[in-house]
Amino acid sequence: MSLTGRQSEILEYLKTNKHAKIHELSKKLYCSDATIRRDLSEMKKLGILERDHGGAIILDTADEVSISVRYGQNAQDKKEVAMLTQRHLPDFKVAFFDNSSTSLTLAMNMNLDFRTVVTNGVMLALELAKREDVTVIMPGGNLLYNTNSLTGALATRMLDDMHFDLMLASCTAISADGVYENSLNQSDIKRTVLKRSTNAALLVDRTKFSLTATHRTSSPADFDVIFTNAPQSVTAPVRDIKGVRIISSAKEKKA
């Protein structure tokens, strides 16, 4: 399920104001109170907000929107990045896939027979568990409702005791300054896996270059390769960093 345009506006309003009454939102968005109530009910199910008398309050974890929502956002961009990534991956036996919707898109379209996948993403693990010849391992940790992921000190400690041939991860935002996440827990997970991986690939669709986030995971140069569908004009600030290797489908298509 994806957020509608109106629900996205509600989310942005709540991020700024933390709380809103139904009549405030209906007036701002030019719709009925009943329509706002339906939107708030759907957003509550996704773990974005909590209802209170006459309105809604944004949750502390709202920046980590449900993967079911993220999976539907910019779906074509994610598919382009996933298809590009498949063509350039090194051989591997054990790979870590993060809880990003881009990694989920990649995994759903990859042949992973006779390989081991380690992931903190519950949806990804459940999908791969349907495949008879794929070994799926999940770390322990705190299960977050809205992200369907395992995080926290226990998950990080378990991952710190493992080794990965390949890390496949996305991020909330990327710039010349760094690779960022909205969640400190997700940033800790990825930082830990990054140092335990022989090869690490970052998958970022073109929208990630225009976003900002709070928690810095690493430098773009800490990844062996960055796969994207962003054109060179967009990736130039990151591409100019020493040691950064970017493979772009937009460049290949001369876009």
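If you read the sequence shown in our numbering, its first letter stands for residue 8, the second for the next number, and so on. For each residue, glycine too, the CB sits at the ideal point set by N, CA and C. As the structure is a prediction and not an experimental result, all values here were calculated from the model.
Beta-bridge pairing of Thr-180 - partner residues as DSSP gives them: Per the sequence shown, the amino acid found at residue 180 is Ala instead of Thr. In the DSSP output, where bridge partners are listed per residue, Ala-180 has Tyr-187.
Of the listed residues Leu-36, Ile-248, Gly-159, Phe-104, nearest to Ser-1 (C-alpha basis): This structure gives no information on residue 1, because the portion of the chain shown stretches from 8 to 262.
Identity of the residues DSSP links to Asn-149 by a beta bridge: Thr-158
Counterpart residues of Thr-112 in DSSP-defined beta bridges: Per DSSP, none; premise fails for Thr-112.
Distance CB(Leu-133)-CB(Leu-119) smaller than 8 Å: no
Residue range of the unbroken alpha helix (DSSP H) whose run includes Lys-22: 12-24
Sequence-distant residues of the same chain with beta carbon closer than 7 Å to Lys-215, five excluded per side: Cys-178, Ala-180, Ile-181
Met-130 (DSSP reduced to helix, strand or coil): helix
For Tyr-78, three-class secondary structure by DSSP: Only weak support exists for where Tyr-78 lies, its pLDDT of 47 falling under 50; the coordinates are left without a value.
Pairwise C-alpha distance: Arg-13 and Thr-142: 41 Å
Buried or exposed (CB count within 10 angstroms, at least 16 for buried), Ser-217: exposed
Cβ pair Thr-126, Phe-104 closer than 8 Å: yes
Local conformation of Gly-50 per DSSP, three classes: In the sequence under discussion, the amino acid at residue 50 is Met, which differs from the Gly named in the question. Helix.
Opening and closing residue of the beta strand (DSSP E) in which Glu-57 lies: 56-59
Cβ pair Leu-175, Ala-102 closer than 8 Å: yes
Pick from Leu-150, Glu-188, Arg-252 that is closest to Asp-231, judged by C-alpha positions: Arg-252
Cβ-Cβ separation, Gly-185 to Ala-162 (assumed contact under 8 Å), whole Å: Ala-162 to Gly-185, Cβ: 22 Å. No contact.
Test item: CB-CB of Thr-235 and Ser-194 under 8 Å: no
For His-222, the first and last residue of its enclosing beta strand (DSSP E): 222-225
Where Ile-248 sits in the DSSP three-state scheme: coil
Ser-255: first and last residue of the uninterrupted beta strand (DSSP E) it sits in: 253-255
DSSP-derived helix/strand/coil call for Phe-230: coil
Of the listed residues Leu-56, Pro-227, Met-169, His-222, nearest to Val-211 (C-alpha basis): Pro-227
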